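Here the working numbering runs 1 ahead of the position in the sequence shown, where the first position is 1.
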Amino acid sequence: MELYEYIEEMFSGLKNPSVKDLAASLKQIPNAAELSQRYIKEPDQYAYGRNAIYRNHELEMILIHIPPNKETAVHDHGQSIGCAMVLEGKLLNSIYRSTGDHAELSNSYFVHKGECLISTKGLIHKISNPSSERMVSLHVYSPPLEDMTVFKEQSGVLENS
């Protein structure tokens, strides 16, 4: 079976899923790292590659490829919850705390191959790849992503952009 077929089989029946539901379904995809290879995109408008590979009313799945020593912008996921499973490499997840119009770094931790990162509603973070190997991860968000906030850094302070 193709990755899309596994995704359709395991996710299409989910209604109003919890982060536990999303994580459990992600972990059930057999050979996810191998099956995702044809969907990996190189960076274009961002410092990383991003490919939205599945979407329905309940959820959206995105494959992320972050080359060595690159990162995402600091962002939230709007009203969505999510889960990301690392398929290759490892990522550094940096969590920020909102202080009104600003956000400041609160915590950072690594997520390794086969492990999942949980994104609760309202989480502000960035994903980095500080290693010399690429990082590939499969993300699922529910509901599909809308109204994300991206923060920009000015003089060492993060502000809504």
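All residues carry an ideal CB built from backbone N, CA and C; glycine is no exception. In this text the structure is predicted, and so the values were computed from the model without any measurement.
Name the DSSP bridge partner or partners of residue i?
| i | result |
| --- | --- |
| Y142 | E61, G83 |
| S37 | S37 is not bridged to any residue. |
For residue i, tell me which candidate among the options has the shortest Cα-Cα distance.
| i | options | result |
| --- | --- | --- |
| E147 | I41, S81, Q46 | S81 |
| Y142 | I30, H103, Y97, K21 | K21 |
| I96 | C117, L60, G123 | G123 |
| E6 | I30, L15, P18, N17 | I30 |
| L60 | K28, H140, D77 | H140 |
| G79 | N17, L15, T121 | T121 |
| I67 | G83, L92, M86 | L92 |
| S26 | I41, Q38, E10 | E10 |
| G87 | R39, N108, E116 | The sequence shown places Val at residue 87, rather than the Gly named in the question. Nearest C-alpha to V87: E116. |
| A104 | L15, I125, N94 | I125 |
| V43 | S19, P69, M149, D102 | It is Glu, not Val, that sits at residue 43 in the sequence shown. The shortest Cα separation from E43 among S19, P69, M149, D102 belongs to P69. |
| S102 | S19, N17, K153, S13 | Reading the sequence as shown, one finds Asp at residue 102 and not Ser. Of the listed residues, the one whose Cα sits closest to D102 is K153. |
| D77 | M2, P18, A85, M149 | M149 |
Can you tell me the Cβ-Cβ gap for residue i and residue j, rounded? I've got them flagged as a contact below 8 Å.
| i | j | result |
| --- | --- | --- |
| E35 | G90 | Rounded, the Cβ-Cβ distance is 15 Å, inconsistent with contact. |
| S119 | A24 | Sequence check: residue 119 is Ile here, not Ser. About 7 Å separates the two Cβ atoms, so the contact holds. |
| V151 | L64 | The pair is not a contact, with the Cβ atoms about 20 Å apart (cut-off 8 Å). |
- prompt: Below 8 Å, can you find three or more Cβ-Cβ pairs linking the segment 47-63 to the segment 108-118?
  reply: With a cut-off of 8 Å, the segment 108-118 and the segment 47-63 do not count as touching, because too few Cβ pairs lie within range.
query: Touching or not, the segment 66-73 and the segment 42-51, by the rule of three or more beta carbon pairs under 8 Å?
result: Yes, the segment 66-73 is in contact with the segment 42-51.
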